[in-house]
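> Quick one: the structure is below, questions incoming.
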Amino acid sequence: MQFCILPPNFFAAAQSFSNVQWLSNIGALVCIACSGVHRELGVHVSRIQSLNLDVISPVEFLIPLSSGNAMINRLFEYDAAKCATWKPVPGCTRFDRQRFIQMKYRDRAFIQKFAEPDLLLTEAFRERDFETAYRALLSPNLTRKPFMRNGPFHQMVLLGTSLSLALADLVMQLRIEIPDMEVMINDCIRSGNADMVAILLRYRPLSSTGRSVQLHPLIACADKTDQKKIAHMVGSLIVLIINNWPTHRLPVRRCIFCTAPRRLLSLTPLVFLADASS
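Numbered by my numbering, the letters in the sequence shown go through residues 7 to 284 in order.
This is the structure in structure tokens:
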């Protein structure tokens, strides 16, 4: 698996152990021992998939290929002195490993603290600086201001570059609340950015009627602007909802019309092969 032999991913994110075959949605590649602890954290903190056993779509590699374990450790182990006190070593107990992973990812006990992360994030969105944006997004002092209508996040998603896709997916994965989300999705529809529409829909409650993200108005917008691919994608989601698919299992990833992620096929051909024709 070529993804595993990229230099930043030689070793597990929590420890300097090799044989890393488990991928977290936050960008960390971990060993099987740590994967179980990640699962215990809950999918709201870290969602684990096997590179060998699970079918992983191209879009799910946006964050890992934009980060890697070296970056993840720079972000989540910024306070090296404090981190070293708790970091497990070969031969450690499961409790030691569990406690460290909880502190690192759930509690974010070792991250860098910022007085004004909004300013840092605004600049990172403007420059499409993935690492700086990730660092700011982890801050407990982050406010909703960068995510307001016509704000830095809104402007960034409209760019439609490959790094914009990765940044938007990171915001979705970290479950950042986005005011006026449907306004942003409609703007992406009008510009024909199907990739971004799919990413913005991936982790949102969806509905053909009632509350949550309303899909019929999105189809109307796509039809009005002659965005046939997007109309078909959203229409497929409505059919699945009508047939009582659980909303958390809706395969938005298989409706995606990604261009930038597919250029990453050369890095991880075996992983992408199953979804390449989706």
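Cβ coordinates follow ideal geometry from the N, Cα and C atoms, glycine included.
Being a predicted model, the structure only gives us computed values, none of them experimental.
Where do the N-terminal and C-terminal ends of the alpha helix (DSSP H) with Q104 fall, by residue?
Element bounds for Q104: 100 to 107.
> What do you reckon, are the CB atoms on A34 and I78 nearer than 9 Å?
Cβ distance < 9 Å, so A34 and I78 count as in contact.
> Buried or exposed for E66, please, with buried defined as at least 16 other CB atoms from any protein chain shown within 10 angstroms of its CB.
Counting Cβ neighbours within 10 Å, E66 comes out buried, since at least 16 surround it.
> Under 9 Å between the Cβ atoms of G198 and T231?
For G198 and T231, yes; Cβs fall inside 9 Å.
> In the DSSP assignment, what residue or residues form a beta bridge with W92?
Bridge partners of W92: none, in fact.
> Quick one, which of R103, N156, G241, S145 has its alpha-carbon nearest Y84's?
Answer by Cα proximity: S145.
> Can you tell me whether T128 is buried or exposed, with buried defined as 16 or more other CB within 10 angstroms of its CB?
Buried.
> How big is the Cα-Cα spacing for T185 and R210?
As written in the sequence, residue 185 is Pro, which differs from the Thr given in the question. Computed Cα separation, rounded: 12 Å.
> Within this structure, are the beta carbons of F153 and I182 separated by less than 9 Å?
Yes, they are a contact pair.
> Checking 9 Å against the spacing of the C-beta atoms, do N163 and D193 come in under that value?
Rather than Asn, the amino acid found at residue 163 in this sequence is Val. Result yes, Cβ atoms of V163 and D193 sit closer than 9 Å.
> Check each candidate in A121, E122, R105 and name the one with the smallest Cα separation from A115.
It is R105 whose Cα lies nearest to the Cα of A115.
> Do you know how far the Cα of M109 is from the Cα of R155?
Their Cα atoms are separated by approximately 34 Å.
> Quick check on the DSSP output: the alpha helix (DSSP H) that includes S72 runs from which residue to which?
Taken as a continuous stretch (DSSP letters only), the alpha helix (DSSP H) holding S72 covers 68 to 72.
> If you run the structure through DSSP and keep just helix, strand and coil, what is G166?
Three-state result, G166: coil.
> Quick check on the burial criterion: 16 or more other C-beta atoms within 10 angstroms. Buried or exposed for V26?
Classification for V26: buried.
> Report, in whole angstroms, the separation of the C-beta atoms of L207 and L68, which I expect to be a contact under 8 Å.
In fact, because the Cβ distance is near 15 Å, the residues do not count as touching under 8 Å.
> DSSP puts L6 in a beta bridge; with which residues?
What the structure shows of the chain is the stretch from 7 to 284, and residue 6 is not part of that stretch, so it cannot be assessed.
> Return the chain-ordered list of same chain residues with a C-beta closer than 7 Å to the C-beta of H44, the five sequence neighbours on each side being excluded.
Counting only Cβ-Cβ distances below 7 Å, and skipping sequence neighbours, we find S30, V36, S52, I54, I107.
> For the beta strand (DSSP E) that I54 lies in, which residues bound it at each end?
Segment 54 to 56, the beta strand (DSSP E) holding I54.
> How about Q118 and R141: do their beta carbons lie closer than 9 Å?
Yes. Within cutoff.
> Counting only the same chain and skipping the five closest in sequence on each side, list residues whose C-beta sits under 8 Å from that of L47.
Within the same chain, L47 has close Cβ partners I107, Q108, Y111, R112.
> Roughly how many angstroms lie between the CA atoms of K235 and F82, to the nearest whole one?
Looking at the two C-alpha atoms, the distance is approximately 39 Å.
> What does a CB cutoff of less than 7 Å around L180 pick up in its chain, not counting 5 residues either side in sequence?
Once the five neighbours on either side are set aside, the close Cβ partners of L180 are L143.
> In chain order, what residues of the same chain lie with their CB nearer than 8 Å to the CB of D175, ignoring the 5 residues before and after it?
Excluding residues within five positions, the ones whose Cβ falls inside 8 Å are V65, L68, I69, I205, R208.
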